[in-house]
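**Q**
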Amino acid sequence: VLGGYISDLEKGDEFEPVRYTLSSESVIAYSDGNEEDGDWFHGDSNPWGKQVRPPTMIHSDKMRLLEVNCAKERRIAGMTGEVELDSDARIHFEYHCRQHSPAFVGEELVLSGRIKDRFERKGREYLQYELEVNTADGRLVTTYLDRTLLRYTPKENA
Amino acid sequence: MSELTANPTLPQTGEELNGPDIKVTPERLQVADKKAHVGANIHTDVEYAKEQGLSAPIVDGMLSVNYLSSLLTRAYGQAYIERGELQCKFIKPVYVDQVVRPRAIVGEREPGEDGRERQLLETWVELEDGTKVVVGKASVEL
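Just so you know, the protein sequences line up as chains A and B, in that order. Here this note's numbering runs 48 ahead of the position in the first sequence, where the first position is 1. Here this note's numbering runs 234 ahead of the position in the second sequence, where the first position is 1.
Dropping the structure here:
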């Protein structure tokens with residue numbers, strides 16, 4: 049179910065797409081934050097002649113989609129520390145990114161995706177995301193699968 | 235800033251790729267994602283981490299993913315950014331102040347798309363004692 053908490057998401061939920069223009073500042077901030085000091089991500093000096101983002105920025109795209117599609121999720125707003133949290137922390141379990149083309153600074157990106165599965169294993173609940181990034185003019189950039197544990201403590205111990 | 239190479243000399247089957255040893259200090263975590271790590275969170279907040287059932291704050295898994303991605307960027311250059319694939323499973327937690335090391339072993343090549351060869355790799359991140367904390371695989375269409 050969209051519009052609520054991340055823990056409300058169910059198999060088959062289709063995210064409302066998100067569009068944004070990739071900025072140089074965001075690519076530099078992400079790269080620096082993750083200690084990627086390669087020149088390709090900090091300017092136009094690279095084989096394409098325009099600043100490119102690291103493939104791992106797909107994970108920031110996932111957060112953008114969740115911000116829009118899970119309006120009650122105060123964990124995201126709560127990251128500012130300004131509101132009291134009312135949901136459990138999630139644990140990232142699997143990251144699977146496939147690049148189909150680079151994404152360049154200045155391009156408008158369209159994020160879309162769905163909840164591919166929601167399942168329980170050993171008392172723990174997982175969400176499986178299936179996301180896609182395209183440019184606004186239709187070029188496929190990244191496809192992404194992600195499994196996330198909704199709560200670390202198993203149900204019987206909660 | 236490091237200068238990346240578009241077409242580096244490709245590593246051969248069986249060759250090991252080793253990234254640097256990186257001690258994941260609290261400062262590194264704060265820098266890695268300012269938005270995610272301010273306020274109550276399981277990465278820097280001891281009390282909140284325990285409330286969530288963890289024994290101590292754990293390091294954001296995306297930091298390990300990024301260390302592996304940087305390793306592949308340097309080994310395969312433009313091909314990795316355009317046609318790379320990386321899969322990671324976070325099998326053990328990494329705690330603050332532990333040292334991690336991204337690694338890979340170059341596997342076989344197989345037919346890929348558009349007449350290209352696809353290079354397969356086994357990838358992982360390990361602690362100082364060799365304990366694997368992230369395991370996975372990668373491929374690059376050459």
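Backbone N, C-alpha and C fix where the C-beta goes; we use that ideal spot for every residue, glycine too.
(1) One question on the structure: do B:G253 and B:L305 come within less than 7 Å of each other, judged by their Cβ atoms?
(2) Could you check if B:Q286 is buried or exposed, using at least 16 other CB atoms within 10 Å of its CB as the buried criterion?
(3) I want to see whether chain A comes within less than 7 Å of B:Q264, judged by CB atoms only; does it?
(4) Quick one: residues in its chain with C-beta nearer than 8 Å to the C-beta of B:E351, no 5 flanking neighbours on either side, listed in chain order?
(5) Can you find a CB in chain B that lies within less than 7 Å of the CB of A:N82?
(6) When the Cβ atoms of the region 276-285 of chain B are set against those of the region 298-313 of chain B, are three or more pairs found closer than 8 Å?
(7) From B:A290 to B:G370, what does the alpha carbon distance come to, in whole angstroms?
(8) Are the beta-carbon atoms of B:L320 and A:C118 separated by less than 7 Å?
(9) Please compile the residues from chain B whose C-beta is within a distance smaller than 8 Å of the C-beta of A:Q147.
(10) Please list the partners that B:Q246 has in chain A, where partner means a Cβ-to-Cβ separation under 7 Å.
(11) Cα separation between A:P202 and A:R172?
(12) For a contact defined as C-beta to C-beta under 9 Å, what are the partners of A:D87 on chain B?
(13) Where does A:K110 land, buried or exposed, given buried means 16+ other C-beta within 10 angstroms?
(14) If contact means a Cβ-Cβ distance below 7 Å, which residues of the region 281-315 of chain B contact chain A?
(15) Strictly under 7 Å for the Cβ-Cβ distance: is B:K326 near chain A by that measure?
(16) Using CA coordinates, which residue listed in A:H107, A:N94, A:Q176 is at the minimum distance from A:L210?
(17) Can you name the residues that DSSP bridges to B:A338?
(18) Where does B:I325 fall in DSSP's three states?
(19) As a quick exercise: from A:K170, A:R166, A:W96, A:R187, pick the residue whose alpha carbon is nearest that of A:S194.
(20) Within 7 Å (strictly less), CB to CB, does A:E58 reach chain B?
(21) Keeping to the same chain, check which residues put their C-beta closer than 6 Å to that of A:H140; ignore five residues upstream and five downstream.
(22) Does the structure place the region 177-190 of chain A close enough to the region 76-91 of chain A that three or more beta carbon pairs sit under 8 Å?
(23) Which word fits A:L57, buried or exposed, when buried means at least 16 other C-beta atoms lie within 10 angstroms of its C-beta?
(24) Please classify A:F63: does DSSP put it in a helix, a strand, or coil?
(25) What does DSSP give as the partner residues of A:I163 in its beta bridges?
(26) From the DSSP output, which residues share a beta bridge with A:I139?
(27) Tell me whether A:L8 sits in a helix, a strand or coil according to DSSP, three-state version.
(28) So, using beta-carbon positions, are B:E249 and B:V330 closer together than 7 Å?
(29) Would you mind telling me which residues of chain A sit closer than 8 Å to B:K366, beta carbon to beta carbon, in chain order?
(30) Is it buried or exposed, B:V367, if we count other Cβ atoms within 10 angstroms and call 16 or more buried?
**A** On the basis of the coordinates in this document:
(1) yes
(2) buried
(3) no
(4) R343, E344, P345, E375, L376
(5) yes
(6) no
(7) 25 Å
(8) no
(9) Y314, I315, E316, R317, G318, E319
(10) Per Cβ cutoff of 7 Å: no residues; B:Q246 is ~23 Å from chain A at best.
(11) 5 Å
(12) M235, S236, E237, L238
(13) buried
(14) Q286, G287, L288, G295, M296, L297, V299, N300, S303, S304, T307, Q312, I315
(15) no
(16) One cannot answer for residue 210 of chain A here, as it falls past the ends of chain A, which runs 49 to 206.
(17) B:L251, B:T357
(18) coil
(19) The sequence shown places Asp at residue 194 of chain A, not Ser. Among A:K170, A:R166, A:W96, A:R187, the Cα nearest to that of A:D194 is on A:R166.
(20) no
(21) T196
(22) no
(23) buried
(24) coil
(25) A:Y177
(26) A:L197
(27) Here chain A comprises residues numbered 49 to 206, so residue 8 of chain A is not present and cannot be evaluated.
(28) no
(29) What B:K366 touches in chain A: nothing, since even the nearest Cβ is about 15 Å away.
(30) buried
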